[in-house]
Amino acid sequence: MANKAIQLPRRQFLKTAVATGSAALLGSTIIPSSALGLDGAVAPSERVVVGGIGIGNRGTYDLGCFLEQKDVQFVAVCDVKEKRRTAVKKIADEKYGNENCKTYIDFRELLDRADIDAVLIATGPNWHSTAAMAAAKAGKDMYCEKPCTKNIDQSLILAETMRRTGRIFQAGTQRRNLPHFAFACELARTGKLGKLKKVYAHPAGMQALMSGWLPPEAAPNKEVVDWDMYLGPAAWRPFNAKQLDGFNFEKGGGFIGAFNGGGVLEWGSHCVDLCQWAVGDCPPPVEYNAPKDGELVARYENGCELIFREKGWIPLGSCPVRFEGETGWVEAGDSGKLVLSSPELLAGREVAEIGGYPATFHVRDFLDCVKTRSQPKGNADAACNAHIACHAANVALHLGRTVKYDNKTNEFIDDAQANRMRSEALREPWRL
Amino acid sequence: MLLIRHTTRFLTLLAALLVLTISSVRAAEDKNGSPQREMELLAVLRSDAPDADKALACKNLAIHGSDASVPDLAKLLSEEKFASWARIALEAIPGSAAGDALRKASESLDGKLLIGVLNSIGVRRDASSTETLIVRLEDKDSEVASAAAVALGRIGNEAAAKSLRPLLASAPAGVRSAVAEGCVLCAERLHATGKSADAVAIYDEVRKAEVPKQRIVEGTRGAILARDPKEGLPLLMEQFQSPDKVFFQLALGTAREFPGSDVDKALAAELTKSKPERAAMIVQAMADRPKTVVLAAVMKAAEGGEKPVRLSAIGALARVGDVSSLPLLLEAALDADDELAQAAKATLGDVRGNGIDAQIVSLLSKAEGKKYPLLIQLVGKRRIEATAALLKAIEHADKTVRGAALTALGETVTLKNLPVLITQATSPKRADDAPIAQQALKAASIRMPDREACAAELTTALDRSPAATKTVLLEILGDVGGTKALETMGAAAKSKDPLLQDVGSRLLGKWNSVDAAPVLLDLAKTSPDVKYQLRGLRGYIGLVRKFPMADAERAEMCQKAFDASKQAAEQKLVLDVIKLHPGIETLKFAIKTIKVEGLKDDATQATLVVAQKLGSKGVDVKELLSTAELNKVKLEIIKAEYGSGATQKDVTAVLQKQAGEFPLITLADASYNASFGGDPAPNATKQLKVQYRINGKAGEASFTEDALIVLPMPK
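Here it is in structure tokens:
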């Protein structure tokens with residue numbers, strides 16, 4: 522099928538194209554930069570003062586996207602690991618030519634600072650929702666890396682909390698701000714593919730590790746690594762250096778010990794999120810089947826299927842998605858390319874091809890929304906729905922049978938076992 | 232965020248999880264959990280099992296536990312290392328026993344362990360624990376009192392609200408924020424159950440209390456939205472007047488949530504009163520209410536006034552504008568200020584609404600001056616059918632108009648009128664129109680629904696085109712693709728015209744569908760020019776490399792490519808292909824090539840790679856390998872490091888242990904991280920660097936993470 526499809530000719534990405542035409546393509550609320558005070562030197566009153574929480578490898582990349590924005594002033598970093606605190610301080614201080622970036626071990630001290638408007642949360646996923654909720658309650662807007670939640674209840678509480686506190690939340694689902702993914706979703710959402718029948722996500726395997734309880738080792742000095750703060754809301758266990766990979770520690774959360782994590786969350790929080798956008802950000806599917814022949818099929822209330830599948834993709838790079846309607850289909854991936862069932866779907870539009878998955882546009886979207894108070898692309902409601910779809914799929918995966926989910930009660934239907942997997946207690950003293 | 236390394240991981244994971252599922256959950260058990268499993272888990276808790284096992288037993292009891300598990304779990308609530316594990320189960324186990332146990336534990340615990348228990352009571356929304364929590368509101372430990380306040384908020388009943396409200400004024404400063412949080416939670420619940428007056432009263436108390444500003448923000452938002460809209464609106468608009476940015480921002484956000492249309496009128500009025508920097512934001516809030524927005528106010532803001540507000544309003548019209556917005560947007564698009572003009576053009580391209588396209592066509596018929604090319608551009612950008620007007624415009628004296636019209640034709644023309652563009656591209660009346668016409672023809676051709684018909688038109692044109700433009704048409708045919716285009720390209724590559732041969736063979740070499748294979752192979756074999764033979768061969772090899780096909784078919788194509796190769800370089804490319812697509816037939820092919828003179832080392836390496844990949848999938852290749860004339864080598868690993876940048880892990884010993892008699896090292900696991908005892912640099916791109924000797928000759932090689940370790944033969 523791929524051989525017969527129309528692959529768009531590669532076009533050079535021009536920054537100006539994204540700043541103008543593509544912004545409209547994305548259905549953006551982006552307003553011209555000078556309306557936001559970005560046309561020249563940015564007055565202090567127009568700056569967004571940002572602090573970082575848990576800035577490791579991914580966070581450092583995100584931080585770079587923030588630092589290149591003229592209206593950002595990065596003033597503080599918190600990390601339980603000394604090496605990372607000092608590394609991030611160095612980056613910020615070199616950027617500004619001073620030594621003003623403050624460092625913290627406990628993020629609550631950073632959140633207490635009245636001068637900070639927004640935070641970048643790039644801890645491991647174990648901390649994401651707990652830190653995000655704390656930030657919201659402290660009056661901060663936030664860009665929070667994904668997966669944002671560890672279970673269904675956290676997803677719901679995240680959305681409720683952002684509404685209640687009136688905070689701007691941007692999940693680190695940066696593909697929502699890339700033109701080709703946005704275009705593909707728009708085709709699906711606006712009926713250009715006919716009635717939508719199937720949306721496909723690629724939940725590329727994740728490692729089921731970094732949870733459980735490993736043999737105790739001598740813990741380092743608290744200044745070097747604060748193990749208690751590292752564990753945070755995760756159930757207690759003794760220090761073991763192998764678990765210091767925050768990126769994977771307790772990822773996915775909620776399930777049983779050694780196979781904690783579930784297969785679909787790491788990438789699902791991206792590609793399922795795109796599928797959710799394609800279906801109009803409607804509530805998540807209502808039925809999730811056990812995997813069969815390498816596919817896990819979920820079904821939305823309107824009958825459209827959300828299919829998690831590993832194989833059968835056109836080679837378009839990582840994180841591919843595919844949307845099939847009655848009259849056409851589209852597939853897109855991290856190469857920046859789109860493949861369409863018909864060139865007519867392009868309707869004369871040029872879609873900038875941005876390979877990889879840069880977060881710059883997503884960060885800009887967030888900062889614009891911090892100012893306008895509009896909802897960014899990866900807002901809490903969208904993130905909530907996509908994460909619930911992933912968590913519910915994980916429940917079906919774990920139980921090895923079909924589960925049905927009621928979006929009104931937010932419970933699995935007649936399924937006590939599944940319902941018990943909707944949440945997990947946080948370690949004291951943490952709460953959402 | 233990580234690059235996909237193993238496309239099979241998901242299936243593996245599914246399989247692994249299914250196995251685990253069957254063993255741990257037991258497929259036959261009902262949806263209420265397994266009593267037998269519960270007994271097994273309790274046995275672990277009661278035994279001398281390691282702490283880790285007990286912790287995981289607690290977690291499993293979250294699914295399988297019942298009242299029977301509660302006493303054992305409750306005992307752990309006072310143990311620092313197990314308390315959080317026990318609460319995982321106790322929060323999940325339905326029924327009163329777990330709630331009773333938490334409540335009872337709260338009587339004897341203190342500090343963090345008590346806080347944890349209070350938090351769990353809140354998560355369970357256990358109304359029967361209300362009194363217990365109320366008592367704890369007075370706890371001298373402010374963290375405990377705060378936990379109790381929030382837990383009461385989660386329960387959210389009248390008793391909870393009644394206990395919390397007075398504390399907004401009287402609680403110690405360290406507890407008051409949590410009390411306010413509890414109050415807001417209670418108010419939310421009351422509002423959701425129709426008790427809006429009670430909710431409003433609580434919200435008002437919170438916003439007037441001496442609590443942190445964020446709590447006041449939450450109270451104010453609630454107070455606005457829980458009120459009858461007529462009463463809520465003045466309170467909302469009051470926030471727009473606040474000198475405090477935080478409350479102005481609150482107003483912007485809450486305005487988007489506010490019901491009814493009166494708020495839209497109020498926003499329109501506020502827009503005219505506000506300073507430009509605030510007005511620019513208010514316009515955005517207005518446009519986020521597309522169903523009830525006062526469009527006239529947005530249009531007025533777009534039409535004149537302070538530039539930041541105009542820019543914001545022009546951008547907003549893309550979402551809420553309609554046909555009535557067209558005149559002002561057209562004027563703005565021709566504004567001397569380029570930023571305003573560009574913003575207006577972007578909006579004109581995107582604004583939706585009935586009658587806009589018709590109005591543009593109507594205006595086009597009588598347009599003059601700068602407005603004429605602008606309208607033509609819009610016809611193209613919006614893909615409006617206006618071919619007649621565009622055909623007229625391509626005859627215009629002004630080059631700008633002609634250029635805009637050609638571009639617009641490229642975006643809108645149908646197959647029927649494609650010859651017009653072909654003529655413009657190949658034989659324009661004015662030579663300087665040719666480049667833009669050719670670009671337009673390309674744009675039109677690649678979006679034609681019937682690409683075979685399009686290719687036929689282009690092929691016909693090719694035959695009668697001047698020599699200089701034939702190559703342009705060939706390039707476009709290359710972009711169109713399909714059977715007819717392929718046929719035309721093959722003919723061009725084998726024509727007698729050197730220029731067509733050159734272009735045709737180059738484009739064939741980049742052809743992106745497998746049906747080009749016979750054409751490419753024919754070119755490789757029969758082209759009179761070696762250069763084009765090579766292009767054909769490389770294009771053919773590229774197809775074998777890129778496209779999915781059966782193992783036997785790939786092996787057959789590899790053999791054909793190999794046979795057509797006149798140089799070792801191409802033969803090595805074929806061997807690279809089979810390394811990417813291991814199969815039994817490709818392995819047989821690789822073994823066969825070992826005997827080819829000058830290729831022994833490369834063929835041996837390819838054979839080993841294919842064999843190793845097949846072996847890792849469980850395919851038995853020993854018998855086949857025994858037919859290969861492989862040379863054993865003496866392999867010595869000198870040094871091996873795995874990591875990223877300065878973070879490197881010495882893995883010399885691991886590789887030395889795995890090194891054998893061939894220049895290939897098979898690790899214990901396909902994952903480097905798993906084989907080398909963990910990830911030395913999480914989330915970073917890692918490399919394995921190896922220094923080695925083969926038959927005494929020193930070599931060095933680097934491998935990306937999880938790549939097969941096949942060591943090149945040192946020169």
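Top line first, the protein sequences correspond to chains D and B.
Going letter by letter, the first sequence gives residues 522 to 953 in this note's numbering.
Going letter by letter, the second sequence gives residues 232 to 946 in this note's numbering.
Where a beta carbon is used, it is the ideal one built from N, C-alpha and C, also for glycine.
This structure is a prediction, so every number in the text was calculated from the model and none was measured.
Query, Result
"Based on the DSSP output, what are the partners of R820 (chain D) in its beta bridges?", "D:E808, D:E826"
"With a 10 Å radius around its C-beta and 16 neighbouring C-beta atoms as the bar for buried, classify N585 (chain B) as buried or exposed.", "exposed"
"Have a look at V761 (chain B) and G735 (chain B) and give me their C-alpha separation to the nearest angstrom.", "15 angstroms"
"Under three-state DSSP, which class holds A736 (chain B)?", "It should be noted that the sequence gives Ser, not Ala, for residue 736 (chain B). In the structure shown, S736 (chain B) sits in a helix (DSSP, three-state: H, G or I)."
"Identify, in the order they occur along the chain, each residue of the same chain with its Cβ nearer than 7 angstroms to the Cβ of M683 (chain D), setting aside the five sequence neighbours on each side.", "A657, F690, A901"
"Compute the Euclidean distance between the alpha carbons of F768 (chain D) and L811 (chain B), then round it to the nearest angstrom.", "31 angstroms"
"Indicate the three-state DSSP secondary structure (helix, strand or coil) for Y878 (chain D) in the structure shown.", "coil"
"Rounded to whole angstroms, what's the CA-CA distance from W742 (chain B) to I707 (chain B)? Just pull it up for me.", "13 angstroms"
"Is it true that the CB of A687 (chain B) sits closer than 8 angstroms to the CB of K715 (chain B)?", "yes"
"Quickly, what does DSSP pair V593 (chain D) with across the bridge? List them, please.", "D:V569"
"Smallest Cα separation from T670 (chain D): which of D:Y664, D:L679, D:M663?", "D:L679"
"Just to confirm before moving on: does the CB-CB distance between L752 (chain D) and C825 (chain D) stay below 8 angstroms?", "no"
"Counting only Cβ pairs nearer than 9 angstroms, list the residues of chain D close to E374 (chain B).", "P950"
"Taking I626 (chain D) and V601 (chain D) to be in contact with their CB atoms under 8 angstroms, please state how far apart those CB atoms are, rounded to whole angstroms.", "6 angstroms"
"Return the bridge partner residues of T858 (chain B) from the DSSP annotation.", "Beta-bridge pairing links T858 (chain B) to no other residue."
"At which residues does the beta strand (DSSP E) containing W734 (chain D) begin and terminate?", "Segment: none, W734 (chain D) is in no beta strand (DSSP E) and carries neither H nor E."
"My output table needs one value for L368 (chain B): the three-state DSSP class, helix, strand or coil.", "coil"
"Tell me which same chain residues have a C-beta within less than 7 angstroms of the C-beta of Q515 (chain B), skipping the five on either side of it?", "S543, A547"
"Cα separation between I835 (chain D) and E852 (chain D)?", "8 angstroms"
"Quick check for students: name the residue ranges of the alpha helix (DSSP H) that lie wholly in the stretch 895-928 of chain B, counting only runs of 4 or more.", "903-906"
"Excluding the 5 residues preceding and the 5 following L272 (chain B) in the sequence, name in chain order all residues of the same chain whose CB lies nearer than 7 angstroms to its CB.", "A288, N291, L292, H295"
"According to the Cβ coordinates, are V842 (chain D) and L795 (chain D) closer than 8 angstroms?", "yes"
"Tell me the rounded alpha-carbon separation between L344 (chain B) and A755 (chain D).", "14 angstroms"
"By the DSSP assignment, the beta strand (DSSP E) with I192 (chain B) in it spans what residues?", "Nothing can be reported for residue 192 (chain B): it is not among the residues displayed for chain B, which extend from 232 to 946."
"Does E369 (chain B) pass the burial test, meaning 16 or more other C-beta atoms within 10 Å, or should it be called exposed?", "exposed"
"Express the C-alpha separation of H701 (chain D) and L708 (chain D) in angstroms, rounding to a whole number.", "11 angstroms"
"Please list, in chain order, the chain B residues whose beta carbon lies closer than 8 angstroms to that of S944 (chain D).", "E322, A323, V354"
"Under 8 angstroms Cβ to Cβ from G709 (chain B), same chain only, skipping five residues before and after it: list those, please.", "A716, M720, L738, K741, W742"
"Output yes or no for whether 8 angstroms exceeds the beta carbon distance between S676 (chain D) and H912 (chain D).", "yes"
"Residues of the stretch 676-691 of chain D in Cβ contact with chain B at a cutoff of 9 angstroms, in chain order, please.", "E681, R684, R685, T686, G687, R688, I689"
"How many Å lie between R769 (chain B) and L652 (chain B) at the Cα?", "34 angstroms"
"Does L547 (chain D) get closer than 8 angstroms to chain B when you measure Cβ to Cβ?", "In this predicted model, L547 (chain D) has a pLDDT of only 44, less than 50, meaning its place in the structure is not dependable enough to derive any value."
"Measuring CB to CB, does E615 (chain D) end up less than 8 angstroms from D592 (chain D)?", "no"
"Along the chain, where does the beta strand (DSSP E) containing G801 (chain D) start, and where does it finish?", "Counting along the chain, G801 (chain D) falls outside any beta strand (DSSP E), and DSSP gives it neither H nor E."
"Between R257 (chain B) and the rest of its own chain, which residues show a CB-CB distance below 7 angstroms, the 5 nearest in sequence each way excluded?", "Residue confidence for R257 (chain B) is low, a pLDDT of 41 falling below 50, so the modelled location carries little weight; the figure read from the coordinates is stated next. Answer for R257 (chain B): S265, R268, listed in chain order."
"For R452 (chain B), go through chain D and note every residue whose CB falls closer than 7 angstroms to its CB, in chain order.", "G687"
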